[in-house]
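Data first, discussion second: the structure below is written as structure tokens.
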Amino acid sequence: RSNKAKNFLPQDVTASNKNVIINHLYLPPVSYSQWEEISVMDERNTPMRTYQVCNVMEANQNNWLRTRHISREEAQRVHIEIKFTLRDCNSLPGVPGTCKETFNMYYYESNNANLWFIKESQYIKIDTIAADESFTQVDVGDRVMKLNTEVRTINNLSKKGFYLAFQDLGACIALVSVRVFYKKCPLTVLNLAQFPDTITGGETALVEVHGVCVNASEEFEPPKMYCSADGGWLVPIGRCVCKPGFEENKDMCQPCRPGTYKASATDAYCTKCPPHSSSPQEQATECICEKGFYRAENDPRSMACTRPPSAPENPISTVNETCVTLEWAPPRDTGGRGDIIYNLNCTKCSGDGKKCTKCGSNVHFVPRNFGLSSTTVLVTDLEPDSNYSFTIESENGVSALSPTPKGKVVINVTTSQTGENIKDSVTLAWQGPERPNGVIVEYEVIYYEKNQREQNYTVLKTRSNMMTVEGLKPGTTYVFRVRARTDGGYGSYGGEIELETSHEGTVKHGIIDFMFTYRESDISVFPPAVLSHFVQLICFFFISFPPTKFPCVKLPGSRTYIHPHTYEDPNQAVRDFAKEIDASNIRIERVIGAGEFGEVCSGRLRMQGKREIYVAIKSLKAGYSDKQRRDFLSEASIMGQFDHANIIRLEGVVTRCKPVMIITEFMENGSLDTFLKKHDGQFTVIQLVGMLRGIASGMKYLSDMSYVHRDLAARNILVNSNLVCKVSDFGLSRVLEDDPEAAYTTRVRHTLTGGKIPIRWTAPEAIAYRKFTSASDVWSYGIVMWEVISYGERPYWEMSNQDVIKAIDEGYRLPAPMDCPVVLHQLMLDCWEKGRSDRPKFAQIVTILDKLIRNPASLRELANSSVWEDPSTPEFSVNTVDEWLDAIKMGHYKENFSSAGYVSLDSILYIMSLAGHQKKILSSVQSLQTQGTHVQV
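Going by UniProt numbering, the first residue of the sequence shown is number 1, and it counts up by one from there.
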């Protein structure tokens with residue numbers, strides 16, 4: 001026995017995520033045991049005790065040493081660390097061949113803590129323990145300690161505790177220490193939720209733990225995390241938020257300081273009181289308005305307190321007999337608000353002005369007299385030679401809260417006698433849209449006699465939103481159209497209205513023609529005062545405003561794609577192209593998949609001043625290397641350079657805390673290939689072409705930026721809830737698969753070694769010479785077209801990758817899918833031209849698809865319709881299946897049809913009526929074609 005062996009002592013564990021269960025060992029009272037408890041001194045002359053056995057001279061040894069009952073507490077998985085020394089059998093002279101250099105470790109679960117005897121057969125073996133280092137007699141003389149440490153694990157414990165036992169079968173060993181412990185996830189606070197110390201589950205089980213909101217916080221969504229088997233926290237879901245009046249600070253909620261406030265629990269931080277308000281105390285949920293200032297009920301708490309506006313200014317009246325135009329300027333003081341409206345009150349006064357009465361319902365206001373947003377009103381149907389007083393009031397959203405009177409101005413007018421010879425005019429009035437696309441400079445009114453537009457028309461312009469057109473002929477139908485001009489130019493004429501004057505010169509009737517394009521607004525048409533008995537005629541007209549112009553010209557020196565690997569510091573590329581997002585703004589909701597680098601989740605992103613949006617979250621799993629981190633973030637460095645409606649949008653990255661995350665927009669319908677398979681046959685051809693057009697538009701954008709995708713395929717196109725397709729997957733790493741369904745392979749021809757290439761989607765020059773260009777992306781786009789039209793079928797079916805390469809070299813190209821228009825299959829074939837320069841550019845593809853969308857009739861002719869229903873095929877009469885096959889020049893398949901049981905014309909008609917059977921027949925024909933059999937289709 002070695003005098004260097006240490007005795008067993010309980011030891012603490014310094015790691016914060018481990019708990020310890022330790023019990024002293026003792027010798028069970030069994031007569032066959034040769035274990036001895038020995039007290040020795042270590043190098044520091046400190047006494048220590050060991051359990052030793054070295055009965056190697058006799059065969060058939062079976063020496064047992066057992067612990068007391070060890071309580072497992074709540075642990076299901078415990079770890080045993082043993083330290084021991086072992087004597088080399090070769091260093092013992094005269095020892096028989098039965099000498100061992102190993103011993104066995106067992107355990108026995110039990111709810112009884114006072115068992116004195118356990119049968120050997122009841123123990124469960126943990127492992128046979130062998131020494132990495134053994135010692136000799138020379139080592140003992142030199143006092144060289146060769147201590148071995150081994151750790152073993154027991155899983156799925158369920159009873160109150162267990163016994164450990166050590167079996168010696170003829171070795172010379174000394175047990176120095178035994179330490180029994182279990183792991184737990186440590187107490188932590190995340191997203192303002194506290195998660196307690198949690199003991200891990202079984203070998204691979206995740207323990208779901210619900211968090212408790214910290215002080216002054218409340219659940220926004222129930223917080224929970226998962227405790228992994230190795231004692232680490234995973235997948236935080238949900239969160240707590242500080243209550244109104246409190247803000248987050250170092251995993252706690254602290255009250256808002258005086259002068260600040262927080263109105264909603266979903267707001268991240270306290271903010272300074274807006275103008276004309278204050279909060280004198282802590283924990284303010286809103287700021288109190290200063291005297292004379294108010295906040296409307298629907299005003300956000302972040303809005304400054306405001307006050308009522310002053311009176312309208314510079315009132316002007318223009319009297320046209322019994323018609324009055326009232327105009328005024330906005331108030332000098334708007335009260336700090338933009339929701340000013342105007343109200344008009346009308347009174348009629350006697351000649352001496354002593355008696356005034358409210359105007360009756362026979363007086364009309366255009367567009368109205370209450371709730372006006374414009375500063376012009378036309379008043380009609382007034383009595384001639386009468387005195388009227390108009391009061392114009394201005395008010396805003398807080399006027400009703402103020403005790404002071406509303407700001408108002410009064411206009412007095414006197415109407416004149418009605419003329420008798422004005423019978424040839426009409427007044428138009430219209431109201432512009434609430435949010436025009438730019439500042440409206442002027443309106444243009446064009447009118448002409450019906451059916452005489454080309455010969456004689458008149459154009460009038462005005463800055464006002466009303467106009468009187470005079471000089472109209474009696475008994476004539478006129479067409480009026482209006483358009484507006486902004487800084488960006490004129491919009492289109494949005495529609496037209498027809499008005500017919502009577503033979504006396506009055507407007508007879510109006511006809512509405514709804515022909516609008518961009519933006520709508522109302523226009524009212526009414527006759528002048530002399531035609532007052534027709535004033536109830538109200539029509540609606542639509543005005544188009546020019547859209548905002550965005551130049552689409554690529555100028556010299558314009559932005560091009562920059563590869564992240566050109567940076568000496570890859571982290572700088574991330575900083576240049578990806579926005580850093582605070583992890584507190586991200587709420588993970590559920591795990592939706594697993595990527596190469598870690599989990600993929602869905603959740604929500606909330607940025608200050610913006611609405612909350614759904615996002616996809618890719619996280620980098622723990623224990624990553626620097627290279628894995630660079631490769632993971634390189635995709636963000638690439639995506640961050642793109643800004644296009646058909647390219648997946650990068651929202652930002654999280655790099656300043658763990659886990660590292662990439663945040664992108666969330667695409668509800670997932671990958672295009674899976675989506676199409678799920679909805680097989682459910683879309684129209686136009687819808688499918690629209691999807692293809694979106695993909696082509698995205699690829700044109702990438703091509704213009706000199707970016708080559710290299711892996712364009714339906715699996716790398718994502719689809720949102722509006723069926724918008726977006727190009728994705730800009731990662732530099734590809735997963736190599738060995739199964740026959742693998743998309744990528746290294747088994748390529750010529751000089752290529754080790755390259756991962758998606759053979760079925762890749763152009764021949766890229767396979768053979770690794771020549772990837774936008775032209776090779778066009779080839780891949782042709783395959784994507786085939787996938788879309790075939791609703792996600794596998795290109796080249798079950799052909800091996802090597803067979804695909806060989807077939808393409810020999811000129812074979814994929815046939816048209818079922819119900820594929822001829823023009824689309826021809827575009828596919830153009831994309832698959834062997835010569836790179838012979839393939840169309842993405843800009844040309846977009847143009848072609850645009851023309852097809854505008855002309856759906858061009859999609860009617862199907863590439864594979866001739867087998868079943870070709871109108872040009874002459875009629876023929878057949879009586880048997882053999883005659884039918886001969887008639888369609890497929891007589892060499894007679895034996896195949898017969899052996900398959902199709903021996904009557906009824907059976908042929910039946911299978912032809914089922915699209916699925918047609919598809920199978922065509923697929924079999926296509927398969928025969930790939931094998932070199934000629935089939936006329």
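Built from N, CA and C at the ideal position, the CB exists for glycine as well.
Residue i at chain B interface by Cβ criterion, 9 Å
| i | result |
| --- | --- |
| C831 | Given the protein chain composition of this structure (a single chain), no chain B is represented. |
Spatially closest choice to residue i from the options, by CA coordinates
| i | options | result |
| --- | --- | --- |
| F675 | L718, K146, D809 and Y781 | L718 |
| D230 | A171, G438, A75 and S71 | A75 |
| E393 | L326, D352 and K348 | L326 |
| M48 | H79, E58, E568 and A174 | A174 |
| residue 1023 | L206, P236, I199 and L190 | Beyond the ends of the chain as shown, which are 1 and 937, falls residue 1023; an answer cannot be given. |
| I586 | S373, D576, G603 and T266 | G603 |
| A311 | W832, A329, V319 and A816 | A329 |
| V413 | E321, E150, F730 and V426 | E321 |
| L344 | C323, S386 and V410 | V410 |
| S361 | S350, A857, W797 and E383 | E383 |
| E589 | D850, K618, Y561 and E568 | K618 |
| V784 | D711, A268, S302 and F772 | D711 |
| S121 | A130, A165 and G698 | A165 |
| N720 | Y769, I789 and A616 | A616 |
Residue i, buried or exposed, once every other Cβ within 10 Å from all chains shown has been counted against 16
| i | result |
| --- | --- |
| I316 | exposed |
| K700 | buried |
| N90 | exposed |
| I613 | exposed |
| Q608 | exposed |
| H709 | buried |
| C657 | exposed |
| G598 | buried |
| V778 | buried |
| D673 | buried |
| V20 | Legend: pLDDT at V20 = 34, less than 50; position of this residue unreliable, value from coordinates given subsequently. Label assigned to V20: exposed. |
| R463 | exposed |
| N421 | Caution is warranted here: a pLDDT of 42 is assigned to N421, below 50, making its placement in the model unreliable, and no coordinate value can be reported. |
| G245 | buried |
| E793 | buried |
| W116 | exposed |
| P815 | buried |
| L650 | buried |
| K771 | exposed |
Separation of residue j from residue i, as counted between CA atoms
| i | j | result |
| --- | --- | --- |
| N855 | V574 | 44 Å |
| D643 | M705 | 11 Å |
| N111 | G161 | 6 Å |
| V212 | L187 | 12 Å |
| N314 | T376 | 12 Å |
| P309 | N465 | 24 Å |
| K125 | M105 | 6 Å |
| A594 | K841 | 36 Å |
| V363 | T380 | 6 Å |
| T404 | V324 | 30 Å |
| R630 | Q167 | 51 Å |
| C99 | K83 | 21 Å |
| G336 | R693 | 47 Å |
| F135 | E37 | 20 Å |
| residue 940 | H79 | As shown, the chain starts at 1 and ends at 937. That puts residue 940 outside it, with no answer to give. |
| M691 | I853 | 11 Å |
| C346 | G397 | 23 Å |
Bridge partners - residue i, DSSP secondary structure assignment
| i | result |
| --- | --- |
| G489 | T486 |
| H644 | Note: H644 sits in no beta bridge, so no partner. |
| C253 | E248 |
| T674 | Partner(s): none; T674 has no beta bridge. |
| R239 | E221 |
| S39 | R49 |
> Considering only residues of the segment 748 to 808, which uninterrupted alpha helix (DSSP H) runs meet the minimum length of 4 residues and lie entirely inside it, listed in chain order?
Replying inline: If we require 4 residues or more, the alpha helix (DSSP H) runs fully inside the segment 748 to 808 come out as 764 to 769 and 774 to 789.
> At which residue ranges does the segment 579 to 639 contain complete alpha helix (DSSP H) runs of 4 or more residues, listed in the order of the chain?
Replying inline: Runs of alpha helix (DSSP H) with 4 or more residues, each lying fully within the segment 579 to 639, are found at 626 to 639, listed in chain order.
>> Runs of 3 residues minimum, wholly inside the segment 120 to 188: which ones carry the beta strand (DSSP E) assignment?
In response: Within the segment 120 to 188, the complete beta strand (DSSP E) runs of at least 3 residues are 124 to 130, 148 to 154, 161 to 168 and 173 to 185.
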